[in-house]
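Engineer:
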Amino acid sequence: MTMRTLIILASLSTAVLGGTLMEEVTNAGATILIDLLKNVSLDKSLETDYLTIFAPSNEAFANLPDDLAKRVTSNATILASVLEFHATRGIFRAQDAFDNLQIDTTLPGAKIRVNAYNGASQGSMFITTNGAKVLKADIQASNGIVHVIDKVMLPPVGNFYDLLTMSTDHTALKSLVDQNGLKQVLESTTGTLFAPNNKAFEDLNNYIQSKNVQGQPVGEAMKEIIMYHMLRSVVYSAGAMNATYVTADKAEKLTISVAADLSTAKINQANVVIPDIAATNGVIHIIDSVLIPEPYATGLAMLP
Ligand SMILES: *[C@@H]1O[C@H](CO)[C@@H](O)[C@H](O)[C@H]1NC(C)=O
Ligand SMILES: *[C@@H]1O[C@H](CO)[C@@H](O)[C@H](O)[C@H]1NC(C)=O
Ligand SMILES: *[C@@H]1O[C@H](CO)[C@@H](O)[C@H](O)[C@H]1NC(C)=O
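What follows is the structure, given as structure tokens:
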């Protein structure tokens, strides 16, 4: 072989295979990820293992709220878990994605949920991983693939019911779920849960009391009202559009409206106060008022 042929072959193989994952993640600009991996001695795996890396951009790390960033980076065990959640063994390409696919990660037992959405303003189809949008897909490395994502993913710590149980701001919703025998439904149904906070239930109770009405919706009515808060599809904020969505139980309609700059969203009349809390069975958005289906909504509005 001539020297010229050798050089061409060498450059071809770099073009096809790329550098190591370490080099490709660095080239893609995700340098904070590399620093964090080094801090918990996980960086070597990017040279030696065969992986797909979901690499949060530096901006994604900068966008983490300060208290959360501190909690993640100041404890090596937590940091290592979060970083392990951003890798899967073997090759996962964008073309392998379909809505609600769950992929194992290098964090034992923890899965990433993939969703495929039509863009609200973007027009074309795009992919999210646990709600993080894939900004640059399929960067080929010699020992794997890199996808750059726009958010840091946090491993879900439980299903809908577990998360309500852990929250101090959802004791009202949690006790209604218990009273109405819906625990198992919240543990096992995949979808989206809009979780009104305690203030939302307090406001509703105050309204009902101000109308001098005795008691509360009970039985099937209360069950239906709670179940009206769950969508059949997993809708992370990145994929939310101005549209009506179908609830999991009775296929009732909820209207989502998204601000033009995509910064805020409403579900019917309720504001989303905290979006995108990943659960093992979908996503939770915390809202500031209770959603009431018909005919109860009209009934409440017409209280004397
Ligand atoms: C890595 O650890 C060093 C030493 O504790 C620290 O100064 C640095 O900020 C850490 N890197 C990141 C990205 O947190
Ligand atoms: C780090 O977090 C783990 C898991 O939550 C906890 O068990 C451990 O005590 C923490 N370590 C420190 C030093 O805070
Ligand atoms: C959703 O609809 C509202 C009201 O018509 C509009 O102001 C807003 O720009 C729309 N949002 C998007 C993302 O198109």
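Sequential numbering of the sequence shown, starting at 979, is according to the numbering used here. Built from N, CA and C at the ideal position, the CB exists for glycine as well. Note that this is a predicted model, so its numbers are computed, not measured.
What do you reckon, are the CB atoms on L1029 and S1035 nearer than 8 Å?
Structural biologist: No, the Cβ-Cβ distance between L1029 and S1035 is not below 8 Å.
Engineer: Closer than 7 Å to a non-hydrogen atom of ligand 5 - does that hold for the CB of A1237?
Structural biologist: No copy of ligand 5 occurs in the structure displayed; its ligands are ligand 1, ligand 2 and ligand 3 alone.
Engineer: Could you tell me whether any non-hydrogen atom of ligand 2 is closer than 7 Å to the CB of T1055?
Structural biologist: Checking the Cβ of T1055 against ligand 2 gives yes.
Engineer: Given the structure, does L1232 come close to ligand 3, in the sense that its CB is under 7 Å from one of the ligand's heavy atoms?
Structural biologist: Flag unset: Cβ of L1232 not near ligand 3.
Engineer: Going by beta carbon distance, what residues of the same chain come within less than 7 Å of S1120, once the five residues before and after it are set aside?
Structural biologist: Excluding residues within five positions, the ones whose Cβ falls inside 7 Å are L995, G996, G997, T998.
Engineer: I think S1267 touches D1181, with their Cβ atoms under 8 Å apart; what is that distance to the nearest whole Å?
Structural biologist: So it is a contact: roughly 7 Å between Cβ atoms.
Engineer: What's the call for V1135, buried or exposed, on a 16-neighbour Cβ count within 10 Å?
Structural biologist: With fewer than 16 Cβ atoms within 10 Å of its Cβ, V1135 is classed as exposed.
Engineer: Quick one: what's P1285 bridged to in DSSP?
Structural biologist: Absent from the structure is residue 1285, since the part of the chain shown begins at 979 and ends at 1282.
Engineer: Could you give the residue range of the alpha helix (DSSP H) that holds L1011?
Structural biologist: Taken as a continuous stretch (DSSP letters only), the alpha helix (DSSP H) holding L1011 covers 1009–1017.
Engineer: Run through DSSP, which three-state label would I1264 get?
Structural biologist: Correct three-state label for I1264: strand.
Engineer: Along the chain, where does the beta strand (DSSP E) containing S1166 start, and where does it finish?
Structural biologist: Note, S1166: premise wrong, no beta strand (DSSP E); alpha helix (DSSP H) at 1161–1166.
Engineer: Please report the residue range of the beta strand (DSSP E) in which A1033 lies.
Structural biologist: Element bounds for A1033: 1029–1034.
Engineer: Under 8 Å Cβ to Cβ from T1144, same chain only, skipping five residues before and after it: list those, please.
Structural biologist: Checking the displayed sequence, the identity of residue 1144 turns out to be Met instead of Thr. Same-chain partners within the cutoff: V1135, G1136.
Engineer: Examine ligand 1 and report whether any of its heavy atoms sits within less than 7 Å of the Cβ of D1045.
Structural biologist: D1045: no, Cβ never under 7 Å from ligand 1.
Engineer: Beta carbon of L1240: closer than 7 Å to some heavy atom of ligand 3?
Structural biologist: Result yes, Cβ under 7 Å from ligand 3.
Engineer: Tell me whether the stretch 1011–1021 and the stretch 1050–1067 touch, counting them as touching only if at least three CB pairs, one residue from each stretch, are closer than 8 Å.
Structural biologist: These segments touch.
Engineer: Pick out whichever of E1272, D1254, K1244 has its Cα sitting closest to the Cα of M1200.
Structural biologist: Minimum Cα distance to M1200 is reached at E1272.
Engineer: Look at the Cβ atom of V1251, then the Cβ atom of N1175, and state whether they are nearer than 8 Å.
Structural biologist: It is a contact, given that the beta carbons lie within the stated cut-off.
Engineer: Note down, one range per segment and in chain order, each alpha helix (DSSP H) of at least 4 residues found wholly within the stretch 1129–1188.
Structural biologist: The qualifying runs are 1138–1144, 1149–1157, 1161–1166, 1176–1188.
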